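A short worksheet on the structure shown next.
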Amino acid sequence: MAVQTNEKGLEERTGKITMKGNPLTLLGPELKIGDVAPDVSLANNDLAPVQLSSYKGKVCIISAVPSLDTPVCDMETRRFNEEAGALGDDVAVITVSMDLPFAQKRWCGAAGVDKVITLSDYGDMAFGRAYGVLIKELKLLARSIFVIDRQGIIQYIQLVKEVADEPDYQKILDAVGQLT
23 MAVQTNEKGL
33 EERTGKITMK
43 GNPLTLLGPE
53 LKIGDVAPDV
63 SLANNDLAPV
73 QLSSYKGKVC
83 IISAVPSLDT
93 PVCDMETRRF
103 NEEAGALGDD
113 VAVITVSMDL
123 PFAQKRWCGA
133 AGVDKVITLS
143 DYGDMAFGRA
153 YGVLIKELKL
163 LARSIFVIDR
173 QGIIQYIQLV
183 KEVADEPDYQ
193 KILDAVGQLT
């Protein structure tokens, strides 16, 4: 894996993920377990800004996906919606994508997703840059999961190597189980 810095001062990491076997470049730092989760502002389905820090005090599963309107992202978010019901009120399940808030709201209504919080990074790509999962070539988010404890510390990270693959749900749920 090669790491370099671009003209905007962002790390560029190649070789971490692929799409249909083709390597892609991630922009931003490679976060580690034990890091403080970056606090960024995202847009909710009504275009209102939401700070990720507003979920401090809860265990958070943050699922970054390329687009809810793709089959794998659809399946993943529906699966997290099912799991969220069993996780209780002390766990927030958040899906972040570059989809416009209006598209996220429409998708949630059509899919019956009511337990996952969908937030959009469409504006300045703050989440993608801060969490190191912005795909340079596509301007979409890499499929990745961050489990954050009640104090705002990253306790688990799963960067899915092939963008078209689903994450390992059991490992994510096990990580959450250790925190609840």
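Using the working numbering, the final residue of the sequence shown is 202, and nothing's skipped along the way. Don't be surprised by glycine CBs; every beta carbon is placed ideally from N, CA and C. Only a predicted model underlies this, so the values are computations on that prediction, with no experimental measurement involved.
Check                                                                                                                                                      : Outcome
Does DSSP put G107 in a helix, a strand or coil?                                                                                                           : helix
Would you list the residues sitting across from P51 in a DSSP beta bridge?                                                                                 : In the DSSP output, where bridge partners are listed per residue, P51 has none listed.
Let me check understanding here. Comparing Cα to Cα, which of K158, V118, P45, D91 lies closest to T27?                                                    : K158
Put G131 into one of helix, strand or coil per three-state DSSP.                                                                                           : helix
Measuring CB atoms only, is the stretch 95-107 touching the stretch 144-153, in the sense that at least three cross pairs come out at less than 8 Å?       : no
Contact defined as beta carbons within less than 8 Å: I believe S89 pairs with S119. What is the distance between those atoms, to the nearest angstrom?    : 6 Å
Three-state secondary structure (DSSP) at T92?                                                                                                             : coil
Indicate the three-state DSSP secondary structure (helix, strand or coil) for Y144 in the structure shown.                                                 : coil
What are the partner residues of R100, as DSSP defines its beta bridges?                                                                                   : Paired residue(s): none; R100 is not in a bridge.
Report all residues from its chain with a CB closer than 6 Å to the CB of S166; omit the five preceding and five following residues, and keep chain order. : A86, V155, L181
Tell me the residue span of the beta strand (DSSP E) that contains I39.                                                                                    : 33-41
Spatial neighbours of A59 within its chain, please: C-beta separation below 6 Å, excluding the five flanking residues on both sides.                       : I170, G174, I176
DSSP state of L74, grouped into three classes?                                                                                                             : helix
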